[in-house]
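So the structure is just underneath, and the comments pick up after that.
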Amino acid sequence: DIQMTQSPSSLAASVGDRVTITCRASQGFGHYVAWFQQRPGKAPKSLIYGTSSLQSGVPSRFSGSRSGTEFTLTISSLQPEDFATYYCQQYHSFPLTFGQGTRLEVK
Amino acid sequence: EVRLLESGGALVHPGGSLRLSCATSGFTFNDFAMYWVRQAPGRGLDWVSAMSGGAGTTYYAESVSGRFTIYRDIPKNTLYLQMSSVRDEDTATYYCAKGASFATGIIDSWGLGTLVTVS
């Protein structure tokens, strides 16, 4: 199974900050990584697929990138609605696996 | 607009059975892969099962293989998850999700979830 190690587990930031969340895959597999946002008490929302492609309707302040087996989600300028938990996921092979999640909190 | 509405969550005893449903609308159901993903209370996301569009090839997490069955009713545009021999660790909110194509891979839409409690 491919393990996705996500960091940090929590992060405190302020509106307007630039934040970065990282997932490291246990093996190389190309660009098959997605990112999801989950607000408290709500269902997940798809943000990014294929490492860096935005799902329809996702604001351009969200971006994704890859360096080797390390995948990064960046929010360029935090908005109040962005405080949530974020998950990475690999879909290169079954079983599909998620990172442990990063809780983004207000500083 | 894509809509996914789960139902069927309930309190069930260990060893019991339950069927979850996901009623869909807003897309051609048979053309897209579908997924079940669960989330135990206070925990992260955990993939359970998937079905491809078209031929309907199925996939399962090891933790549920042999106990859960994913299937669909195409005329009813509904996805199901039959859960058998449930365990305490199956307690979770179960989300239905839609793929971006017939092939399994990218998830683009999620339902609101249905809560299963095993106790």
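In the order they appear, the protein sequences are chains S and H.
Residue numbers for the first sequence follow the working numbering, so the first one is 1362 and each next one is one higher.
Residue numbers for the second sequence follow the working numbering, so the first one is 398 and each next one is one higher.
All C-beta atoms in this analysis are idealised placements derived from N, C-alpha and C, irrespective of residue type, glycine included.
Residues H1392, V1394, T1412, S1413, T1433 of the same chain have their beta carbon placed closer than 8 Å to that of S:R1427, with the five preceding and five following residues left out of the count. Counting C-beta pairs with one atom in each stretch, the stretch 1459-1467 of chain S and the stretch 458-467 of chain H have fewer than three that are closer than 8 Å, which means they do not touch. Contact between S:R1385 and S:T1430 holds, with the beta-carbon distance rounding to 6 Å and staying under 8 Å. In the DSSP assignment, H:E403 falls within the beta strand (DSSP E) that extends over 400-404. Apart from the 5 residues on each side of it in sequence, S:S1370 sits with its Cβ closer than 8 Å to the Cβ of Q1461, G1462, T1463, R1464 in its chain, given in chain order. Using a Cβ-Cβ cut-off of 9 Å, S:F1455 counts as an interface residue toward chain H, since at least one Cβ of chain H sits closer than that to its own.
Closest option to H:R484, judged by alpha-carbon separation, among H:F429, H:C419, H:V515: H:V515. A check of alpha carbon separations from S:I1409 across S:K1403, S:S1375, S:R1422, S:R1400 identifies S:R1422 as the nearest. Within the stretch 1380-1457 of chain S, complete beta strand (DSSP E) segments of at least 3 residues are found at 1380-1386, 1394-1399, 1406-1410, 1423-1428, 1431-1436, 1446-1451, given in chain order. Apart from sequence neighbours up to five positions away, the residues of its chain that approach H:S422 with a beta-carbon distance below 7 Å are R400, N474, ordered along the chain.
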